[in-house]
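Undergrad: In the working numbering, the protein residues as written are 12 to 382. Before I ask anything, here is the structure I am working with.
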Ligand code: GAF
C-alpha cells in the first residue's frame, strides 16, 4: 500500500467507527501528519534551527457539529488509554476545560480550550491514527493539529498558520503538561510534500529544502522502547538551558557562543549541505549530532545508540541519528535507495529487540480531505 492508500484506509476505519457510534456519516474529514526531524534536536526551545519533514503517518479526525454544549469524541487509535470515548461541555470563562484521564483526550480538550475563533459549536468526532503513539514521531502534535484543523471547518479562524501552531503548542503545555518547543506543531501544520523545512525557531520563518531524490531513502527505525525518563528529563533539560542562558546574560542559547549549543550551527550547515545534494556531508553532521546528544546532552539510550551504530556499518548509509526528544523512540537514517534492504536486514540482526521500519518521503502538512 502506498502513502495515499494508507490515509484512505484510516479514513475508512474512522468513518465506520463514526457511523457505529453516532448513527450517521461525518460531515468533515481532516488529517494532520506526524514528523521526523532530520537534524536540530532540543534546539527549538533554545530559539535555534530545526530541520523536520512531515510524514505520511497521520492522525485523522472525522465528525460534525451538533446542537447544545456537549461534545463527544471517540478514539480508535491503537494503544490510546481507556476510556475510548469522552463527553465534555464546551469551555466557558467560569468552567475552562482541564486535563485529566484519559490522557489522549487532554490534547483534544487543550486545543478546544485554546481555539482562536468563536463561537465554537459542540461536535461529535472520531479520531484514528497511523502515527505510533509515544514513538517519537509526534503523535501528540499530529493529534493537536488534526483537532485544530477540524475545528477550523466548524468555525473558521483567520487562517494564520503560525498562530495555529502556537495554539496547539500551548494546548500541549497547559493540558498535557509537556513544555515542548514549536517544532512538532509547526511542521504538522506547514509541512510541504517533497521538502524538509529549515525552521528558525526564533523568527518562526521557514525555508523549504527540496528532498526528492529517487536515489535517496529516509529510513525511520522505531526502537519500540520508551524509557521512564521520557517525561521527566525533557522539562529539566529545557529549564537547565534557560538557566544557563540567564547566567550568561543571554535571552536564549541561540545568543550564546557556538560552543554552548553547537547543534544550532550544525543544523544550519546541514540544511546548506542538503540544498547542494552533499549527502556525505549531511550524513556526517547527522552522526555528529547523535554523538553530541548521546555524550553531551545525554538524551539518547543504549537502544538508540545500537540502532545508529548498526546503520552506520552498512555500505551506502550516509548518516544516522536519534530523532525527537530521546530516551527511546526512533532513529532516522539517510541512505542510498539500493542500500535500503540490506540496511534493514543488518539492523534487525544487530538490534536485540523488535524494530519497526518506515521508508518515507516528505509529505504535506494538515489538510482537509473529501468526505
Ligand atoms: C520533542 C518536543 F516536542 C520538540 O519541541 C523538540 O524539543 C524535540 O522533542 C527535541 O528536538 O519532540
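For glycine and all other residues, C-beta sits at the position ideal for the given N, C-alpha and C.
1. Return helix, strand or coil for residue 336, following the three-state DSSP convention.
2. Can you tell me the Cα-Cα spacing of residue 322 and residue 303, whole angstroms?
3. With DSSP as the reference, label residue 385 as helix, strand or coil.
4. Is it true that the CB of residue 340 sits closer than 8 angstroms to the CB of residue 147?
5. Starting from residue 82, trace the beta strand (DSSP E) both ways and give me its first and last residue.
6. Look up residue 229 in the DSSP assignment and give the residues it is bridged to.
7. What are the uninterrupted segments assigned as alpha helix (DSSP H) that are 4 or more residues long and contained completely in the region 148-219, given in chain order?
8. Look up residue 252 in the DSSP assignment and say whether it is helix, strand or coil.
9. How would you call residue 259, buried or exposed, if buried means at least 16 neighbouring beta carbons within 10 angstroms?
10. Taking only three categories from DSSP, how would you classify residue 261?
11. Take residue 325 and list the residues in its own chain whose beta-carbon comes closer than 7 angstroms to its own, dropping the five residues that flank it on each side.
12. Under 7 angstroms from any heavy atom of ligand 1, does the C-beta of residue 312 make it?
13. Does the Cβ-Cβ distance between residue 76 and residue 139 come in under 8 angstroms?
14. For residue 368, tell me which candidate among 115, 214, 39, 143 has the shortest Cα-Cα distance.
15. Are the region 171-178 and the region 81-98 touching by the rule of at least three beta carbon pairs closer than 8 angstroms?
16. Can you tell me whether residue 45 is buried or exposed? The criterion is at least 16 other CB atoms within 10 Å of its CB, across all chains shown.
17. Three-state secondary structure (DSSP) at residue 222?
18. Figure out for me which residue from 359, 338, 336, 329 has the closest Cα to the Cα of residue 347.
19. With distances taken between CB atoms, is the gap from residue 245 to residue 182 smaller than 8 angstroms?
20. Using the beta-carbon of each residue, find all residues closer than 5 angstroms to any heavy atom of ligand 1 and list them in chain order.
21. Counting pairs of beta carbons, one from the region 17-28 and one from the region 220-233, are three or more of them closer than 8 angstroms?
22. In or out: residue 438 buried (at least 16 other Cβ within 10 Å) or exposed?
23. Which ranges would you report for the alpha helix (DSSP H) in the region 270-305 if only whole runs of at least 4 residues count?
24. When we look at the beta-carbon of residue 371 and count the other beta-carbons within 10 Å, is it buried (16 or more) or exposed?
25. Taking the alpha-carbon positions, what's the residue 317 to residue 264 distance?
26. Counting along the chain, where does the beta strand (DSSP E) carrying residue 380 start and finish?
27. When burial is assigned at 16 or more other CB atoms within 10 Å of the CB, is residue 250 buried or exposed?
28. What's the C-alpha gap between residue 35 and residue 335?
TA: Reading off the structure:
1. Judged by DSSP in its simplified three-state form, residue 336 adopts coil rather than helix or strand.
2. 18 angstroms
3. In the structure displayed, the chain extends from 12 to 382; residue 385 sits before or after that span and is not available.
4. yes
5. Taken as a continuous stretch (DSSP letters only), the beta strand (DSSP E) holding residue 82 covers 81-86.
6. 345, 371
7. Here the runs fully enclosed are 150-165, 172-186, 194-201.
8. helix
9. exposed
10. coil
11. 350, 353, 354, 357
12. no
13. no
14. 143
15. With fewer than three CB-CB distances shorter than 8 angstroms, the region 171-178 does not count as touching the region 81-98.
16. buried
17. coil
18. 329
19. Contact flag unset, no.
20. 52, 53, 55, 191, 192, 194, 195, 335, 336
21. no
22. Here the chain covers residues 12 to 382 and nothing more, so residue 438 does not appear.
23. Entirely contained in the region 270-305, the alpha helix (DSSP H) runs reaching 4 residues are, in chain order, 273-286.
24. Residue burial annotation: residue 371 is buried, with at least 16 other C-beta atoms found within 10 angstroms of its C-beta.
25. 30 angstroms
26. 378-380
27. exposed
28. 39 angstroms
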